[in-house]
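Report on one structure; see the data block that follows.
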Amino acid sequence: MRFTAGWRRYRQRFGTRATIGKDLRAGVVLGVESVPDGLAAGLLAGVNPVLGLNAYIVGTLFGALATGSVFMTVQATGAMAVIIADVPEIQGTNASAAVATLTVMAGIVMLALGLAGLGSLIRFIPAAVLIGFVNAVAVNIVLSQLANLTGYASDADNRLARTWDSALNFGQMSWESILVGSATVAVILVLERTRLGALSMVVGIVAGSILAVLLPPASVAVISDVAEVTRALPALSLPDISMVFGLLIPALSLALVGLVQGAAISGSIPNPDGKYPNASADFRGQGIANIASGVMQGIPVGGSMSATALSRAAGARSASANLIACGVMLASVLAFAPLIGYTAMPALAGLLMVVGVRTFKLHQLIMVARTGAVPATVCAVTFILTVVIPLQYAVLAGVGLAVVLHIARQSNRVRVRRLLFDDTNSRPIETAAPAVLTPGDVVVLTAYGSLFFASSASFRDQLPDPGHSAPGAYVVIRLRGTDELGVTFLTMLRVYARELASADAHLMIAGIGARVRHQMEITGVAEVIGTQNIFAAEPRVGDAVARALDAIDSRRREDESD
Numbered sequence: 001m002r003f004t005a006g007w008r009r010y011r012q013r014f015g016t017r018a019t020i021g022k023d024l025r026a027g028v029v030l031g032v033e034s035v036p037d038g039l040a041a042g043l044l045a046g047v048n049p050v051l052g053l054n055a056y057i058v059g060t061l062f063g064a065l066a067t068g069s070v071f072m073t074v075q076a077t078g079a080m081a082v083i084i085a086d087v088p089e090i091q092g093t094n095a096s097a098a099v100a101t102l103t104v105m106a107g108i109v110m111l112a113l114g115l116a117g118l119g120s121l122i123r124f125i126p127a128a129v130l131i132g133f134v135n136a137v138a139v140n141i142v143l144s145q146l147a148n149l150t151g152y153a154s155d156a157d158n159r160l161a162r163t164w165d166s167a168l169n170f171g172q173m174s175w176e177s178i179l180v181g182s183a184t185v186a187v188i189l190v191l192e193r194t195r196l197g198a199l200s201m202v203v204g205i206v207a208g209s210i211l212a213v214l215l216p217p218a219s220v221a222v223i224s225d226v227a228e229v230t231r232a233l234p235a236l237s238l239p240d241i242s243m244v245f246g247l248l249i250p251a252l253s254l255a256l257v258g259l260v261q262g263a264a265i266s267g268s269i270p271n272p273d274g275k276y277p278n279a280s281a282d283f284r285g286q287g288i289a290n291i292a293s294g295v296m297q298g299i300p301v302g303g304s305m306s307a308t309a310l311s312r313a314a315g316a317r318s319a320s321a322n323l324i325a326c327g328v329m330l331a332s333v334l335a336f337a338p339l340i341g342y343t344a345m346p347a348l349a350g351l352l353m354v355v356g357v358r359t360f361k362l363h364q365l366i367m368v369a370r371t372g373a374v375p376a377t378v379c380a381v382t383f384i385l386t387v388v389i390p391l392q393y394a395v396l397a398g399v400g401l402a403v404v405l406h407i408a409r410q411s412n413r414v415r416v417r418r419l420l421f422d423d424t425n426s427r428p429i430e431t432a433a434p435a436v437l438t439p440g441d442v443v444v445l446t447a448y449g450s451l452f453f454a455s456s457a458s459f460r461d462q463l464p465d466p467g468h469s470a471p472g473a474y475v476v477i478r479l480r481g482t483d484e485l486g487v488t489f490l491t492m493l494r495v496y497a498r499e500l501a502s503a504d505a506h507l508m509i510a511g512i513g514a515r516v517r518h519q520m521e522i523t524g525v526a527e528v529i530g531t532q533n534i535f536a537a538e539p540r541v542g543d544a545v546a547r548a549l550d551a552i553d554s555r556r557r558e559d560e561s562d
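According to the UniProt record's numbering, the sequence shown is numbered sequentially starting from 1.
Set out below in structure tokens:
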């Protein structure tokens, strides 16, 4: 019964007879548009363009079958393709095995995160990192296609150097290639304003390729010059275990970028039932799609916002639209493989440049710059690194920098305040904490901010200094709402308790939960402070501090009676 109910729910993702008409139209539109787009993705990745088309076919199929999002289209994205192009192994003699290994590894990472239910991890990646990365990718997309657009291939070390070298060698460029690329861009820009919409890209590629055929022979590079396009389904390609270690960082970066882009779809496009899909389920689906793409001669794939939006705009009502799109791509390969070989490389380059320019969002960069120094720094560093160094390192460096700056900012935002109690009102007055502890004083302190290892020093600097002697003084630290204290913070409390004891003063801790008390006991901090000086949190706010103050009064009366 449980299996039957699960199967019934699963089948609902593919719609009904009432939705098949709209799904058919959306699938045809997406499938036709995806053929040149897939070839362009392979070109952008620096591999055989057919591998990009294979990835589109396989990714779209398995994404439709396995993701939590009904509408998500899983294909090779521009950001992922640019990362692939920066991986040295894919340019070697064993490029086919390297691509398969890289794709399968990225899929395994995605699948593992999905199975572990870690879809929420994506929210820890700052928007400043993503904005800097995506806009730098847009620049990289444009710069990476200069050689295909102009027919001049620079041998400089990086994209910026190759761009400069190309500008210096303008005379060596192929006017035929530039003409084909420019014509493609012009057709796309003109026809996209018509009812063709996204299909203008297909018409632009066809028009540019026809123009290339009319020009002098061999004057314009075509796909058949670099790869053979056959009437065949994607063949098997096994990964090479010996390459795993060298491809680990690129695989992690690809998985991270793919999941972030997929999460944007999960959080913005609800399923037909109105509920937003589970991010972990999308992780699993994208992982399965990558593993399948890797073993079927494809490149890494992820959730594509542009393809998903195109499918939805064309009327998609279920996952059947993606299945139909996959069928259209397969039919195109089987029927028109020889013609696909005549696709002009400058035409694909022109298409990619249009995509790159439109991916660049200046207003996003301005928004981050106005937000504050920390996000602006993170965004700028991520942007510069993404343009200058291989993208797989830039992604991780941007995330690492964001984490470090976030920790630094949080550690400096801890504030320690004094609570003054008087007889006229049961509610305390909040004032600044005293810098020095005087004899016989009772100082009740509360903290604001995150109490963790990096904030320990800042917290300690705000505690009153007992000096050499402060007999009869008490410092009561209120820690209500703190779920956990790290070793560094606990060590700081131990040291401060001993400083107070050496000055004949006392430390009390009030309002702690069971876990914090357990931490204090197993680390020996409770013994140093004294278990009689630790007061657990009570349901009524303020009761723990009140019990601490009552204990102080009681001890003082006992001392006076002695």
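We treat Cβ as the ideally placed atom computed from N, Cα and C, and that holds for glycine.
- M508 and V442 have their C-alpha atoms roughly 10 Å apart.
- The C-beta distance from L437 to P466 rounds to 5 Å, short enough to fall under 8 Å.
- When A544, A503 and F489 are compared, the shortest CA-CA separation from Q519 is found for F489.
- CA-to-CA, the gap between T19 and A292 works out to about 28 Å.
- For A510, the secondary structure class from DSSP, reduced to helix, strand or coil, is strand.
- Using a Cβ distance threshold of 8 Å, V99 and L51 count as a contacting pair.
- Sorting A503, T491 and D550 by C-alpha distance to the C-alpha of E521 places T491 at the top.
- If you look at L445, you'll find it in the beta strand (DSSP E) that goes V442 to Y448.
- For T431, the uninterrupted beta strand (DSSP E) segment begins and ends at I429 to A432.
- If the five residues before and after F62 are omitted, its C-beta is found closer than 6 Å to the C-beta atoms of I288, A289 and A292, all from its own chain and listed in chain order.
- The beta-carbon distance between V82 and N140, rounded to whole angstroms, is 5 Å. This is short enough to meet the 8 Å contact definition.
- For V545, the enclosing alpha helix (DSSP H) has its first and last residue at D543 to S561.
- Nearest Cα to L233 within the set P239, G298 and L211: G298.
- Counting of Cβ neighbours within 10 angstroms places A505 among the buried residues, the total reaching 16 or more.
- Restricting attention to I407, P346 and G350, the CA atom closest to the CA of V374 is found in I407.
- Secondary structure note for V70: it is in no beta strand (DSSP E), with a DSSP letter that is neither H nor E.
- With respect to R159, S174 sits apart: the two C-beta atoms are not nearer than 8 Å.
- Taking the CA atoms as reference points, V395 sits about 22 Å from G267.
- If you check the CB distance, M201 and D37 come in under 8 Å.
- In the displayed model, G302 falls within a strand according to three-state DSSP.
- In the three-state reduction of the DSSP assignment, Y393 falls in the helix class, which pools H, G and I.
- Scanning the region 11 to 74 from its first residue to its last, no whole beta strand (DSSP E) run of 3-plus residues comes out.
- Sixteen is the threshold: since fewer than 16 other Cβ atoms of the shown chains lie within 10 Å of the Cβ of G21, the residue is exposed.
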